[in-house]
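J.: From first to last, the protein sequence lines are chains A and B. Under the working numbering, the final residue of the first sequence carries the number 236; numbering is consecutive throughout. Under the working numbering, the final residue of the second sequence carries the number 236; numbering is consecutive throughout. Each residue gets a CB set at the ideal place from its N, CA and C atoms; glycine is no exception. Structure below; questions to follow.
Number of protein chains: 2
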Amino acid sequence: MATARPPTAPAAAGAPTRRRTPRIAGDRRRELIALAAGRLFAADGYAGTRMEDIAAAAEVTKPMVYRHFASKKELYLALLARHEDDLPTFLADVDSAHASADTLVRQILERWLDYVRANGHAWAMLFRDHSGDDEIQAFRRRVSLTARDVLAAFIAERAGAQMPSEQVEPTAELLTSGLAGLALWWIDRPEVPRSVVVEAAARMVAPAVR
Amino acid sequence: MATARPPTAPAAAGAPTRRRTPRIAGDRRRELIALAAGRLFAADGYAGTRMEDIAAAAEVTKPMVYRHFASKKELYLALLARHEDDLPTFLADVDSAHASADTLVRQILERWLDYVRANGHAWAMLFRDHSGDDEIQAFRRRVSLTARDVLAAFIAERAGAQMPSEQVEPTAELLTSGLAGLALWWIDRPEVPRSVVVEAAARMVAPAVR
DNA sequence: TCTCGTCGTTACCAGCCGGTAACGTAGCAC
DNA sequence: GTGCTACGTTACCGGCTGGTAACGACGAGA
């Protein structure tokens, strides 16, 4: 137990123990850390990801991560918060007036899939990961519940009297779960063209909105 | 650091430190522990459940759990293994010959939902939990992949030339994810009658098998 | 060239939790 | 009664990991 090493000469002579990471501006480093964290959280979930690994993936050491983010939880929530309000937008500004139900659904699905492709990490953090303490689970739950409710409202509006009211919620749940799972499936298969996914999804969604 | 306490007289006098659990046969105790573990694993997932909590829920202490199960992982996998082969059975022995597609689908859904009601813990362990090391994740993945493939084969057979082959797999993925999520939703809402869930599910499944 | 703020490092602590050693004791077989 | 076996307990260890203290050094501005 060496209590205090002689302050000068960190390594013996000429052999640097660890390659020092080049010094860059704080903001930029913060983004690199956030990027690495997103990748790891998406792959291994909150509980399965260690701060040490995030630091290594960002090519720095742990205290650097803690300089930019107060805790593991804050880092995770900061990443999720960037996408908190994205989901409802797919159904929001859509011209449901003059367009056939079929083309309308396809347009929405295409926009949504483009988003998933561009933000796969956030999607996986939201819908693949289930770990974390109560606060984290509550956050994810809030986001996905909002998505489900927006979809439920959309269904109720489009389907009208065709669907008994007590079936709106289970149908919305079925669709959000199914679409979330389909998106995760697609994220793992970059070779599958978007049109195939749109087609498969449209076939299932159609009976709920018409 | 008391190295060795005097062997006799564990508590001072007359005040039992912990109410000793009544002694019962090993097999029966093992089942009680498995039952408690199933409840906790279903609610909090693998990583979120502590062996100490399982022991407490079974009204024993930790070493008793370890007498019946070698490790946390073995306990978890033992619970899952009981249901490993259940999923394909819903589509297996069904008389697809003389029955309309609609009644056939409804029969399958009803049998499946009855199973979910009776085995909610296993269902949640399979489809809500995502934590655990590689071996555990591989086990769950194998089970749900099997389910998806069986469903895909069913779709391919029923839909026939109606559906392009490259859409069979994403459709199966969409349905398994959707149905799994719907089941979890229903588990949390015992007041919802089975018929409502069957109706909502049938509406979505129909276009894939006809 | 000197100084100071920020970027980066090493080495460490503390708490949680899976797992175990060692020890009691209830009750069935005889 | 008296063992003997299996059921049950207390008390502990060790590793993993989130988080921190203390220190070093690069580089922009004076």
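Are the C-beta atoms of B/Gln188 and some chain A residue less than 8 Å apart?
T.: Not closer than 8 Å to any Cβ of chain A, the Cβ of B/Gln188 fails to qualify, so no.
J.: Just to confirm the assignment, what range does the alpha helix (DSSP H) spanning B/Tyr72 have?
T.: First-last for B/Tyr72: undefined, no H or E at that position.
J.: Curious, which full-length alpha helix (DSSP H) runs of at least 4 residues does the stretch 142-223 of chain A contain?
T.: Complete alpha helix (DSSP H) runs here, min 4: 146-153, 160-185 and 194-213.
J.: Pick helix, strand or coil for A/His109, following the three-state DSSP scheme.
T.: A/His109: coil per DSSP, three-state reduction.
J.: Are the beta-carbon atoms of A/Leu105 and A/Met77 separated by less than 8 Å?
T.: Contact: no.
J.: Indicate whether at least one CB of chain B lies closer than 8 Å to the CB of A/Ala41.
T.: Because the pLDDT at A/Ala41 is just 39, under 50, the model does not fix this residue reliably, and the value given afterwards should be weighed accordingly. Closer than 8 Å: no.
J.: Could you check what DSSP says for A/Arg229 in three-state terms: helix, strand or coil?
T.: Note: A/Arg229 maps to helix in three-state DSSP.
J.: Of the residues B/Thr202, B/Ala179 and B/Leu200, which one's Cα is nearest the Cα of B/Ser191?
T.: Cα-wise, what sits closest to B/Ser191 is B/Ala179.
J.: Mind checking if A/Gly74 is an interface residue toward chain B, Cβ cutoff 8 Å exclusive?
T.: Chain B, which has a Cβ nearer than 8 Å to the Cβ of A/Gly74, makes this yes.
J.: Which class does B/Thr115 belong to by DSSP, given the choice of helix, strand or coil?
T.: In the structure shown, B/Thr115 sits in a helix (DSSP, three-state: H, G or I).
J.: Tell me, please, whether the CB atom of B/Val235 is closer than 8 Å to any CB atom in chain A?
T.: It does not: the Cβ of B/Val235 has no partner Cβ on chain A nearer than 8 Å.
J.: Step through the CB atoms of chain A and report whether any lies within less than 8 Å of the CB of B/Thr172.
T.: Not one chain A Cβ lies under 8 Å of B/Thr172.
J.: Run down chain A in chain order and give the residues with a C-beta less than 8 Å from the C-beta of B/Gly207.
T.: The contacting residues are Glu199, Leu200, Thr202, Ser203, Gly204, Ala206 and Gly207.
J.: What is the DSSP secondary structure of A/Ala62, reduced to helix, strand or coil?
T.: A/Ala62: helix per DSSP, three-state reduction.
J.: Output needed in chain order: residues of the stretch 215-230 of chain A with a Cβ under 8 Å from some Cβ in chain B.
T.: Hits within the stretch, in order: Val218, Val222, Val223, Glu225, Ala226, Ala227, Arg229 and Met230.
J.: Which residues, in chain order, does the stretch 151-164 of chain B contribute to contact with chain A at a C-beta distance below 7 Å?
T.: Here the close residues are Arg154, Asp155, His156 and Ser157.
J.: Mind checking B/Ser97: buried by the 16 CB within 10 Å criterion, or exposed?
T.: The residue is exposed, with fewer than 16 neighbouring Cβ atoms inside 10 Å.
J.: For A/Ala127, does the count of other Cβ atoms within 10 angstroms reach 16, so buried, or fall short, so exposed?
T.: Exposed.
J.: Check the Cβ of A/Gly64 against every Cβ in chain B and list those closer than 9 Å, keeping chain order.
T.: Those within 9 Å of A/Gly64 in chain B number zero; the least Cβ separation is about 17 Å.
J.: Which word fits B/Pro199, buried or exposed, when buried means at least 16 other C-beta atoms lie within 10 angstroms of its C-beta?
T.: According to the sequence displayed, residue 199 of chain B carries Glu and not Pro. Buried, since its Cβ has 16 or more Cβ neighbours within 10 Å.
J.: Kindly list, in the order they appear in chain A, the residues whose Cβ is closer than 9 Å to that of B/Gly71.
T.: Correct list: Ala73, His156 and Ser157.
J.: Are any of the Cβ atoms in chain B nearer than 8 Å to that of A/Ser149?
T.: Sequence inspection shows Trp at residue 149 of chain A; the Ser mentioned does not correspond to that position. By this cut-off, A/Trp149 is not an interface position.
J.: For B/Leu66, which residues in the same chain have their Cβ closer than 8 Å to its Cβ, ignoring the five residues on either side in sequence?
T.: Thr75, Asp79, Ile80 and Ala83.
J.: Given this structure, state the Cα-to-Cα distance separating A/Glu136 from A/Asp159, to the nearest angstrom.
T.: If you take the alpha carbons of A/Glu136 and A/Asp159, they lie about 34 Å apart.
J.: Can you tell me whether DSSP reads B/Val91 as helix, strand or coil?
T.: Correct three-state label for B/Val91: helix.
J.: Helix, strand or coil: which one does DSSP assign to A/Ile50?
T.: Correct three-state label for A/Ile50: coil.
J.: In angstroms, rounded to a whole number, what distance separates the CA positions of A/Pro114 and B/Ala209?
T.: A/Pro114 and B/Ala209: Cα-Cα distance of roughly 24 Å.
J.: Less than 8 Å between the C-beta atoms of B/Pro196 and A/Val194, yes or no?
T.: No.
J.: Cβ of B/Val91 less than 8 Å from any chain A Cβ?
T.: Chain A contact via Cβ: absent.
J.: Alpha carbons only, please: which of B/Met189, B/Ala144, B/Ala206 and B/Ala182 is nearest the one belonging to B/Val169?
T.: Minimum Cα distance to B/Val169 is reached at B/Ala206.
J.: So, helix, strand or coil for A/Ala127, using DSSP?
T.: It is helical.
J.: A/Pro89 to B/Tyr92, Cα distance in whole Å?
T.: Looking at the two C-alpha atoms, the distance is approximately 38 Å.
J.: Short of 7 Å in beta carbon distance, which residues of its chain neighbour B/Ala227, apart from the five on each side in sequence? Order them along the chain.
T.: Here the set comprises Leu135, Leu205 and Leu208.
J.: Among B/Phe165, B/Val235 and B/Ala185, whose alpha-carbon lies nearest the alpha-carbon of B/Gln100?
T.: The sequence as given places Glu at residue 100 of chain B; Gln does not occur at that position. For B/Glu100, the nearest C-alpha among the options comes from B/Phe165.
J.: Cβ atoms of A/His156 and B/Gly71: under 8 Å apart, would you say?
T.: It is a contact, given that the beta carbons lie within the stated cut-off.
J.: Please classify A/Leu234: does DSSP put it in a helix, a strand, or coil?
T.: Just to set this straight, residue 234 of chain A is Ala in the shown sequence, not Leu. A/Ala234: helix per DSSP, three-state reduction.
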